[in-house]
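Structure record follows, encoded as structure tokens.
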Amino acid sequence: MAADAARATPHLGVIGGTGLDTAPGLEVLRDEAVDTPWGVPSAPVQVARLDGWPIAFVPRHGRAHEYPPHAVNYRANLWALRRVGVSRVIAINAVGSIAQWFEPGRLALPDDLVDYTWGRPHSCWNGPDDDAQHVEFTRPIDPVLRARLIAAGRSLETPPLDGGVYGVTQGPRLETAAEVRRLRRDGCDMVGMTLMPEAGIARELGLEYACIAFSVNWAAGCGTLALHDEMSQHLERGAATAVALLRAALPAVADGEL
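In structure tokens, the structure reads:
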């Protein structure tokens, strides 16, 4: 990679989820304490290099994992990434599996979502001084960015699964078996707590957005093991595999226009 690319503005922002409060291999150049209209982000933005490529990194839950899903300042996180120059975002999310084809320990690249959250600030446009922004959200995941991740994933020993519907629940508690049965009836293939309002706010801010979901357990009622026991088996490996996919995709997603 050219030296100029390593010094460039970080076009790519990465939001780390559970298991990724820090990003392995990240060479941090500086912390950016960005002031936003909605307060401070979960942590200062780390302007950094990963394998020589410029990126900006924010841990969604804070560096000490202090913010549960319903308390994350999603607006501030995304606004701060855009302020440092980011134009596209890859979110990394730990999820529970509902669909039989998505077993724990695997990665998937979801292409749609169903939002079951409530009470979270879902928009940057909330007051009389703002213009109404009824953003197009038919395809909540940017198809070009997702396609680049799919292509990069073919180089991995176990490629990510292509597609899936992410059901976004409120948390922080895990779901009941009956709730998961409803999610399945609604067409959800996986369940997590953080894709919304993150994806919607990214769309409002004009940021290309895609998600790397890694499964850490079967959702409630779908497996036989205790959920937290199963999570402990898959969390570290799943996070490492998600980072491996990110690193494989960097030449295609970290520099300039897609």
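According to numbering that gives the first Met the number 0, the sequence shown holds residues 0 to 257 in order.
Backbone N, C-alpha and C fix where the C-beta goes; we use that ideal spot for every residue, glycine too.
Exercise for review: Report the three-state DSSP secondary structure of glycine 15 (helix, strand or coil).
Suggested key: If DSSP states are grouped into helix, strand and coil, glycine 15 belongs with the strands.
Exercise for review: With DSSP collapsed to three states, give me the class of glutamate 31.
Suggested key: If DSSP states are grouped into helix, strand and coil, glutamate 31 belongs with the strands.
Exercise for review: Please specify which runs of the alpha helix (DSSP H), each continuous and at least 4 residues long, are wholly inside the segment 108 to 153, giving them in chain order.
Suggested key: Complete alpha helix (DSSP H) runs here, min 4: 142 to 152.
**Study point:** Neighbourhood of leucine 80 by C-beta distance below 6 Å, restricted to the same chain and skipping five residues each side
**Key:** For leucine 80, where only same-chain residues beyond five positions count, the Cβ hits under 6 Å are Gly12 and Ala55.
Review point. Between the C-alpha atoms of valine 94 and leucine 234, what's the straight-line distance to the nearest angstrom?
Key: One Cα belongs to valine 94, the other to leucine 234, and the distance between them is close to 10 Å.
Review point. What residues match up with arginine 87 in a beta bridge as DSSP calls it?
Key: Here arginine 87 is bridged, per DSSP, to Leu11 and Glu207.
Review point. How far does the beta strand (DSSP E) with glycine 166 in it reach, from first residue to last?
Key: 164 to 167 is the span of the beta strand (DSSP E), which, as asked, contains glycine 166.
Review point. When we look at the beta-carbon of threonine 157 and count the other beta-carbons within 10 Å, is it buried (16 or more) or exposed?
Key: The C-beta of threonine 157 has fewer than 16 other C-beta atoms within 10 Å across all chains shown, which makes the residue exposed.
Practice item. Using three-state DSSP, classify aspartate 254 as helix, strand or coil. Key: In the three-state reduction of the DSSP assignment, aspartate 254 falls in the coil class.
Check your understanding: In three-state DSSP terms, what is glutamate 178?
Key -> The answer is helix: DSSP assigns glutamate 178 an H, G or I state.
Review point. Can you list, in chain order, the residues of its chain whose CB lies under 7 Å from that of valine 190, leaving out five sequence neighbours each side?
Key: For valine 190, the CB contacts under 7 Å within the same chain, skipping 5 residues up- and downstream, are Val94, Gly95, Ile97, Gly166, Thr168, Glu174, Val179, Leu182 and Ala218 in chain order.
Point to revise | Contacting residues, own chain, Cβ-Cβ under 6 Å from aspartate 110 (five flanking each side not counted) | key: Apart from the 5 residues on each side of it in sequence, aspartate 110 sits with its Cβ closer than 6 Å to the Cβ of Ile140 and Gly162 in its chain, given in chain order.
**Study point:** Strand pairing of glutamate 26, partner residues [DSSP]
**Key:** In the DSSP assignment, glutamate 26 is bridged to Arg48.
Check your understanding: Can you list, in chain order, the residues of its chain whose CB lies under 8 Å from that of histidine 121, leaving out five sequence neighbours each side?
Key -> Within the same chain, histidine 121 has close Cβ partners Met195, Pro196, Gly199 and Ile200.
Practice item. Find the nearest neighbour of aspartate 259 within the set Gln45, Thr17 and Met230, judged by alpha-carbon distance. Key: One cannot answer for residue 259 here, as it falls past the ends of the chain, which runs 0 to 257.
Exercise for review: Flag this pair as yes or no: are the beta carbons of leucine 112 and proline 159 separated by less than 8 Å?
Suggested key: Going by beta carbons, leucine 112 and proline 159 fall outside the 8 Å limit.
Check your understanding: Which partner residues of serine 214 appear in the DSSP bridge assignment?
Key -> Bridge partners of serine 214 according to DSSP: Val94.
Point to revise | C-alpha distance - alanine 251 paired with histidine 60, whole-angstrom precision | key: Alanine 251 and histidine 60: Cα-Cα distance of roughly 27 Å.
Review point. So who's on the other strand from alanine 55, going by DSSP bridges?
Key: DSSP lists Gly12 and Val46 as partners of alanine 55.
Check your understanding: Taking buried to mean at least 16 other C-beta atoms within 10 Å of its own C-beta, is aspartate 3 buried or exposed?
Key -> Residue placement at aspartate 3 is poorly supported in this model, since its pLDDT is 48, which falls under 50; the coordinates still yield a value, given next. Only exposed fits aspartate 3, as fewer than 16 other CB atoms lie within 10 angstroms of its CB.
Review point. At a cut of 8 Å, does the segment 76 to 92 reach the segment 201 to 211 through at least three beta carbon pairs?
Key: Yes, they touch.
Check your understanding: Straight-line CA distance for methionine 0 to arginine 184?
Key -> Below a pLDDT of 50, predicted positions are generally treated as unreliable, and methionine 0, at 43, falls in that range; no measurement from the model is reported.
Review point. Does the Cβ-Cβ distance between proline 9 and valine 83 come in under 8 Å?
Key: A contact, by the Cβ cut-off of 8 Å.
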